[in-house]
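So the structure is just underneath, and the comments pick up after that.
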Amino acid sequence: MKSAALLVGLSLSFAAQALTAPQALAMAEGDNDARIEALAEAVAQGTAQTAAYLQALADDAVKLAAGRVLVVKDGKGLDPVTGQAVDVPADAQDVMLNNRLRGEIDTALAALKLFSPEVALRRQAALALLKEPDASRQRVLDKALAQEKDAATLALVRQALAAVQLQSEQAGERLRAAHTLRESTQPEVLLLLNQQLTAETDPAVQSALKQAVAKVQDSLRWGERLGQLFTGLSLGSILLLVALGLAITYGLMGVINMAHGEFMMLGAYATYVVQAAFREHLPGAFDYYLLLALPVAFATAALVGALMERSVLQYLYGRPLETLLATWGISLILMQAVRTVFGAQNVGVENPSWMSGSLAVLPNLQLPWNRLIIIGFAAAVLLGMVLLISKTRLGLFVRGVTQNRPMASCMGVNTARVDTSAFALGSGIAGLAGCALSQVGNVGPDLGQSYIVDAFMVVVLGGVGQLAGTVYAALGLGLVNKLLEGWTGAVLAKIAVLVFIIVFIQKRPQGIFAMKGRSAEA
Numbered sequence: 070m071k072s073a074a075l076l077v078g079l080s081l082s083f084a085a086q087a088l089t090a091p092q093a094l095a096m097a098e099g100d101n102d103a104r105i106e107a108l109a110e111a112v113a114q115g116t117a118q119t120a121a122y123l124q125a126l127a128d129d130a131v132k133l134a135a136g137r138v139l140v141v142k143d144g145k146g147l148d149p150v151t152g153q154a155v156d157v158p159a160d161a162q163d164v165m166l167n168n169r170l171r172g173e174i175d176t177a178l179a180a181l182k183l184f185s186p187e188v189a190l191r192r193q194a195a196l197a198l199l200k201e202p203d204a205s206r207q208r209v210l211d212k213a214l215a216q217e218k219d220a221a222t223l224a225l226v227r228q229a230l231a232a233v234q235l236q237s238e239q240a241g242e243r244l245r246a247a248h249t250l251r252e253s254t255q256p257e258v259l260l261l262l263n264q265q266l267t268a269e270t271d272p273a274v275q276s277a278l279k280q281a282v283a284k285v286q287d288s289l290r291w292g293e294r295l296g297q298l299f300t301g302l303s304l305g306s307i308l309l310l311v312a313l314g315l316a317i318t319y320g321l322m323g324v325i326n327m328a329h330g331e332f333m334m335l336g337a338y339a340t341y342v343v344q345a346a347f348r349e350h351l352p353g354a355f356d357y358y359l360l361l362a363l364p365v366a367f368a369t370a371a372l373v374g375a376l377m378e379r380s381v382l383q384y385l386y387g388r389p390l391e392t393l394l395a396t397w398g399i400s401l402i403l404m405q406a407v408r409t410v411f412g413a414q415n416v417g418v419e420n421p422s423w424m425s426g427s428l429a430v431l432p433n434l435q436l437p438w439n440r441l442i443i444i445g446f447a448a449a450v451l452l453g454m455v456l457l458i459s460k461t462r463l464g465l466f467v468r469g470v471t472q473n474r475p476m477a478s479c480m481g482v483n484t485a486r487v488d489t490s491a492f493a494l495g496s497g498i499a500g501l502a503g504c505a506l507s508q509v510g511n512v513g514p515d516l517g518q519s520y521i522v523d524a525f526m527v528v529v530l531g532g533v534g535q536l537a538g539t540v541y542a543a544l545g546l547g548l549v550n551k552l553l554e555g556w557t558g559a560v561l562a563k564i565a566v567l568v569f570i571i572v573f574i575q576k577r578p579q580g581i582f583a584m585k586g587r588s589a590e591a
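Per the numbering used here, residue 70 is the first one in the sequence shown, and the count goes up by one each step.
Structure follows, in structure tokens:
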């Protein structure tokens, strides 16, 4: 809450058209209609002193005493007209505001920001008045229009004034307003134009409104298209994170790991535990909990993966049906263990402040920061994977075992150790995917079940053991799925993608990229 006394003190430097005592009293008492009328008249003056008084009203810092108003803050009184300190009588009463008056005051404060020295605040105010046109604000908009110098803000003020004039009783004003609003790129303007078109009776104005609606729709279409592409890219990056680990384990050992989704779940719950620890023991550093959650999520999933490979999977290589059943059973055990420890209900994982909010690219296109960061994180994980596979000794062994296991063993490679290391690595990447997913969705025992089928489709479509194919398949499926959703709906889009994958695999069983090496030739 802002200090009303400070605001009023600062506002005394604005002497022109200063707030008067009768105006201040009229806004504080009487019936609602009279108070709103007094409010509109004061706002039309457009002074900082009026803004300070309205802020005090909004903060419930104004009292009535003996037919005069006082701004009271921390027990000290101030005259909102003169700015002088005054005593607060014992019988001073609070000014009563209902929801209607509070809404009018909020709109009035937004209108007064039109005269702020900061361009960003003036644009914000003009946009707010454009979204909620009110005939009582025409005078203040006229005043702002006469003195505004910034071109972008001036255009918004013109559109806000046109939105008011769109409700005029004179057809000529409505016609001019329609011509002005056709240049807008704001989604709210489309709603205003359609509402007026429904009620419009003048043929000329109707024609202008239809043209304006078509022009605004055309302007907004680019934002909608880019929004669909971003949503598809976001889904693709999540599928990539989920499928990267599976591409290693499935590509290296041919293990159909039905518990892969549960490694993601473990990573998400590890993130939740780290968050809870920071909230309890390091509340001042809460915004940095995710930096610790990433390695914890990776280590947790990797450790469970290594234990699973050593205790179960090493005895089942070459027996795909038994491996599938065993990993499915392990997935059930892991889900039940999480339910026992954390409960069956979803748990809340909160975004750090630096992942909250969105980036405004277009008026109808807001890109959430959490998804933008996850796209960048997926790219970083992919780069790390490429460097590990192509530049490290472990990567050399993984590639050798993948292409020809018997030959690698003959050359002295400990294939059992490579299997364990690779499986732990793939499981750890799944944990990182779970950590990322915790920032955009619910965290619950069934988290992994939502992505395991899609992850297998990505790996098979891209080509078993091929990282490049995994990237193309993940991003391609994400984009295609979201583009189809806009035309057919979510269910039919999913079916269409599945049919496409089945047909593609029938024609090209090796996937987008075929495996290279002697094992591929066998």
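All residues carry an ideal CB built from backbone N, CA and C; glycine is no exception.
Note that the structure is predicted; figures quoted are calculated from it, not measured.
Linking Tyr358 to Glu391 through their CA atoms gives a straight-line distance of about 40 Å. In the DSSP annotation of this structure, the continuous segment of the beta strand (DSSP E) that includes Arg137 starts and ends at 137-142. The C-beta separation of Leu210 from Val233 comes to about 7 Å, placing the pair in contact by the 8 Å criterion. Here the alpha carbon of Thr267 sits roughly 40 Å from the alpha carbon of Gly510. Counting C-beta atoms within 10 angstroms of its own C-beta, Ala413 has fewer than 16 neighbours from the protein chains shown and is therefore classed as exposed.
Here the segment 215-223 does not lie against the segment 241-261, with fewer than 3 beta-carbon pairs under 8 Å apart.
Take the alpha-carbon of Glu349 and the one of Gly99: they are about 50 Å apart. With fewer than 16 neighbouring CB atoms inside 10 Å of its own CB, Asp163 falls in the exposed class. For Leu108, the number of other beta carbons within 10 angstroms of its own is at least 16, and it is reported as buried. The DSSP-derived three-state label of Ser427 is strand.
DSSP places Leu376 inside the alpha helix (DSSP H), whose first and last residues are 358-380. Gly144 counts as exposed, since fewer than 16 other C-beta atoms from the protein chains shown sit within 10 angstroms of its C-beta.
If you keep only unbroken alpha helix (DSSP H) runs of at least 4 residues inside the segment 88-123, you get 90-97, 101-114.
Taken atom to atom, the span from the alpha-carbon of Leu313 to that of Ala273 is near 60 Å. With distances taken between CA atoms, Leu361 lies nearest to Gln344 out of Thr318, Gly538, Gln344.
Counting only the Cα atoms, Ala231 lies some 24 Å from Trp291. DSSP assignment within the segment 453-533 yields the following whole alpha helix (DSSP H) runs of 4 residues or more, N-terminal first: 462-472, 474-479, 484-506, 521-531.
A contact between stretches requires three or more CB pairs, one per stretch, nearer than 8 Å, and the segment 445-459 fails this requirement with the segment 549-569.
Taking C-beta separations shorter than 8 Å and ignoring five residues to either side along the sequence, the partners of Ala179 in its chain run Gln193, Ala194, Ala197, Leu198, following chain order.
In this structure, the alpha-carbon of Asn263 lies about 43 Å from that of Ala90.
In the same chain as Ala502, and ignoring 5 residues on each side of it, the C-beta atoms closer than 6 Å to its own belong to Leu310, Val311, Met333, in chain order. Comparing C-alpha distances from Trp397 to each of Phe355, Ile325, Ala491 shows the shortest one belongs to Ile325. Collapsing the DSSP output to three states places Pro432 in coil. Looking at the backbone, the Cα of Ala103 and that of Gln265 are separated by about 28 Å. 8 Å or more divides the Cβ of Ala375 from the Cβ of Cys504. Using a Cβ-Cβ distance cut-off of 8 Å, the segment 469-486 and the segment 291-303 are not in contact, since fewer than three pairs of beta carbons, one from each stretch, lie closer than that value. When Cβ pairs closer than 8 Å are counted between the two stretches, the segment 511-526 is seen to touch the segment 397-407, the count reaching three or more.
Cβ neighbours of Ala161 within its own chain (closer than 6 Å, five residues either side excluded): Lys132, Ala134. Straight across, the Cα-Cα distance linking Gly495 with Val365 is about 15 Å. Within the segment 267-336, the complete alpha helix (DSSP H) segments at least 4 residues long are 272-322, listed from N- to C-terminus. For Gly547, there is no enclosing beta strand (DSSP E); the residue is found in the alpha helix (DSSP H) stretching over 536-557. Looking at the DSSP output, Lys145 sits in a beta bridge with Lys142. Per the DSSP secondary-structure output, Val155 pairs in a beta bridge with Gly146. Around the beta-carbon of Met480, fewer than 16 other beta-carbon atoms lie within 10 Å, marking it exposed. Taking C-beta separations shorter than 8 Å and ignoring five residues to either side along the sequence, the partners of Asn101 in its chain run Asn167, Arg169, Leu170, following chain order. Beta-bridge analysis with DSSP links Leu133 to Val138, Gln162.
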